[in-house]
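Here is the structure we will look at, set down as structure tokens.
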Amino acid sequence: MQLEVASELLRVSEQVKKTQEAARAAAATEEKLQQQLLLLQQEKHKAELYSRMQQLQQKYREIEQRQVQLQQLQRWWEAYGERQLQHERRQAVLLQQQRSARRRSSGSAAAAAAAAAADSAAAAHYVAPADPLLQCLSPRSQQQQQQQQELQQGEELQQKQEEQQLEQQQEVQLQQELQQELQQQEEQQQEQIQQLQRQHGKQQHQQARGEVGLK
Numbered sequence: 200m201q202l203e204v205a206s207e208l209l210r211v212s213e214q215v216k217k218t219q220e221a222a223r224a225a226a227a228t229e230e231k232l233q234q235q236l237l238l239l240q241q242e243k244h245k246a247e248l249y250s251r252m253q254q255l256q257q258k259y260r261e262i263e264q265r266q267v268q269l270q271q272l273q274r275w276w277e278a279y280g281e282r283q284l285q286h287e288r289r290q291a292v293l294l295q296q297q298r299s300a301r302r303r304s305s306g307s308a309a310a311a312a313a314a315a316a317a318d319s320a321a322a323a324h325y326v327a328p329a330d331p332l333l334q335c336l337s338p339r340s341q342q343q344q345q346q347q348q349e350l351q352q353g354e355e356l357q358q359k360q361e362e363q364q365l366e367q368q369q370e371v372q373l374q375q376e377l378q379q380e381l382q383q384q385e386e387q388q389q390e391q392i393q394q395l396q397r398q399h400g401k402q403q404h405q406q407a408r409g410e411v412g413l414k
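Going by the working numbering, the sequence shown opens with residue 200, and the numbers climb by one from there.
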């Protein structure tokens, strides 16, 4: 009878030992799989953030190109405005000369010829607008119409620049939010890894206590 009890106790002890070994192996496998899952999730999240960062960089390059184009357009309009101002000054001088010549030689054929020559010179210096509607107006009306168009285009250019600045600010804010999100994700993943390590340590401690109790 005593021999049977001893044999049964030995068999139970061996089964308990095998069960403990299987439990330790299962816990180690579970921890390993959880860590692999966390790493996969982290890599996937990093890949998504990297893709979004690339899109932002591409958008930045497009914005820079647009800014260069707008600056070139702005310089062109500044030069055009300067040319128009010089042209108006020349026209004023020619008109004054024409009036003076007419007053000095009113009634003479020579004065009339000189006035006609001055008119031709003023017309040669005048830049005819491409718009057919403007061609039907007087030179003074044409100048006023051109000035209004230039003013409107200048306002549109300023509005585009303001919109571009606002878009750049929004892009910078979005990039900062992405960086903060990435940092938070990394901190959360580190915390999860630490929790897994603590749980694994507790499991090992409990298993060790169970083995001591059986002994």
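Every residue, glycine too, gets a C-beta built ideally from N, C-alpha and C. All of these numbers come straight from a predicted model, not from anything done at the bench.
Asked	Found
Proximal residues to E349 (C-beta, below 8 Å), its chain only, five neighbours per side dropped	W276, Y279, G280 and Q283
Whether Q241 touches Q382 by CB criterion (7 Å)	no
Nearest-angstrom Cα separation, counted from Q256 out to I262	10 Å
L377 beta carbon less than 7 Å from that of E230	no
Straight-line Cα distance separating R288 from V371	47 Å
Rounded separation between Q268 and Q234 - CA only	51 Å
Anticipated Cβ contact below 8 Å, L365 with L272, distance rounded	Actually they do not touch by this definition, with Cβ atoms about 19 Å apart.
A327 in three-state terms, based on DSSP	Only weak support exists for where A327 lies, its pLDDT of 44 falling under 50; the value from the coordinates is given anyway. Three-state DSSP puts A327 in coil, outside helix and strand.
Cα-Cα separation, A221 to K258	55 Å
Through-space distance from Q379 to Q368, alpha-carbon basis	17 Å
Contact under 7 Å by Cβ, Q391 with L236	no
8 Å Cβ shell around L373 - same chain, five flanking residues per side excluded	L255
Local conformation of L332 per DSSP, three classes	Interpretation of L332 is limited by its pLDDT of 44, a score under 50 that renders its predicted location unreliable; no figure is taken from the coordinates.
Rounded distance between the beta-carbons of Q266 and Q363, thought under 8 Å	6 Å
Supposed contact pair H244 and Q384 - C-beta distance, whole angstroms, cut 8 Å	6 Å
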